[in-house]
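This report concerns only the one structure given below.
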Amino acid sequence: MALLETLVVVLGVAAVAALAVVAKTRLFPADENEEPREDVAEYIAMMVSVLYAVVLGLCLVSVWDTRSDAADNVQAEASALHQTYLLADALPAARRQPLRDAARAYADHVVGVEWPAMAEREPLGPSGWQLLERLRQAGQVGDSAKVPEQIAAQEVLAQIGYVDDARRGREAAAQERLSPVLWTGLLIGGALTLAFMFLFGIKRSTTHVVMVMGLSGFIAFTVLLIHQLDSPFGATLGATPDPFTRYFG
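1 is the number of the first residue of the sequence shown in the UniProt record's numbering; add one for each residue after it.
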């Protein structure tokens, strides 16, 4: 709905501007002896280029921040899970292997099941949270445990809390998308920038062709880059499960 509203507003403003120009030319026709001026065209072209550069920079910053946050959450989640795995040595003998198995099962689920789903922006479902709860239960000890073992169990629960927080951040990042309003400005701005290059180009045809080719290629490259970064767990430029595979490979 936001995209439709944006298009309506943009087209409405453009229509009002066109009507204003038509009214001006009808009410105040230009003098035939007056020399044509390119000042207005050059000014509009410059403003379109500047505004498009701002929109381009805003889109790049937005998608890069999302991708960076996704990678940070993955690293924090894997690191806390690995610390939980190592702390199993300090627990009672009966609790060590269940905790290690639960940690490894969680890591395998994240890499093998959740990662492909995140790359396709599909919902993850409750399985990961159930494995996390299994991990939390595996790290609990009874009142009969020794004091050092109880302290270790508290540290295990603290690390699992870090895993929980990082997991929530990872799930949120997987659903993040660039605003439709920014996509609209990105595409319309690119089209207008190229249109002005065609309409008000350099007089020499070779120079004009080279400049239009270079600008068109650069805009296309930037839009594709933003599209790839807009998938924070995509196969090309997205965050990878390397932290999990490095600790639980």
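Glycine included, every Cβ here is placed at the ideal spot set by N, Cα and C. It should be emphasised that the depicted structure is a prediction, and the values quoted were computed from it without experimental measurement.
Cβ neighbour criterion (16 or more within 10 Å) applied to residue i
i, result
"S144", "exposed"
"F244", "buried"
"D89", "exposed"
"Q159", "buried"
"F248", "buried"
"S231", "buried"
"residue 278", "Residue coverage of the chain in this structure runs from 1 to 249, which leaves residue 278 outside it and unanswerable."
"L187", "exposed"
"G185", "buried"
Rounded C-alpha distance that separates residue i from residue j
i, j, result
"A220", "H227", "10 Å"
"G12", "A191", "18 Å"
"A174", "L237", "14 Å"
"A117", "Q97", "29 Å"
"G234", "V16", "42 Å"
"L132", "T222", "39 Å"
"M46", "D65", "29 Å"
"A2", "G189", "Because A2 sits at a pLDDT of 49, beneath the cut-off of 50, its placement in the model cannot be relied upon, and the following sentence gives the value as read from the coordinates. Spanning the two alpha carbons is a distance of roughly 18 Å."
"V212", "A239", "34 Å"
"V163", "Y52", "40 Å"
"S68", "L19", "46 Å"
"A119", "P148", "42 Å"
"L229", "R121", "13 Å"
"S79", "G161", "12 Å"
"E176", "R246", "26 Å"
"Q154", "P123", "32 Å"
"R95", "K146", "13 Å"
"V50", "V210", "21 Å"
Cut-off 7 Å between Cβ atoms - residues of its own chain near residue i, not counting five sequence neighbours on either side
i, result
"E35", "With a pLDDT of only 49 at E35, under 50, the local geometry of the prediction cannot be trusted, and the value read off the model is given with reservation. For E35, where only same-chain residues beyond five positions count, there are no Cβ hits under 7 Å."
"F196", "A45, V48"
"A103", "L81, T84, Y85, L135"
"N73", "A166, G169, R170, A173"
"A105", "L131"
"E77", "V163, A166, R167, R170"
"residue 263", "This structure gives no information on residue 263, because the portion of the chain shown stretches from 1 to 249."
"Q75", "P243"
Assumed close pair residue i, residue j - CB separation to whole angstroms, cut-off 8 Å
i, j, result
"L178", "V55", "That pair is no contact at about 11 Å."
"L91", "L99", "6 Å"
"G139", "L157", "6 Å"
"A107", "R170", "Wrong, their Cβ atoms sit about 13 Å apart, outside the cutoff."
"H109", "G128", "6 Å"
"P241", "V111", "5 Å"
Neighbourhood of residue i by C-beta distance below 6 Å, restricted to the same chain and skipping five residues each side
i, result
"A152", "L87, A90, L91"
"W183", "none"
"W115", "P241"
Reference residue i, options the options, closest by Cα
i, options, result
"G214", "L225, L194, L229, L224", "L194"
"P180", "A23, C59, L229", "C59"
"Q150", "A93, Q130, T184, A105", "A93"
"L225", "G57, Q154, E155", "G57"
Same chain, Cβ closer than 8 Å to residue i, neighbours up to 5 away in sequence not counted
i, result
"D101", "A138"
"F218", "none"
Within-7 Å CB hit, residue i to chain B
i, result
"V50", "Within the model displayed, chain B is absent; a lone protein chain is all it includes."
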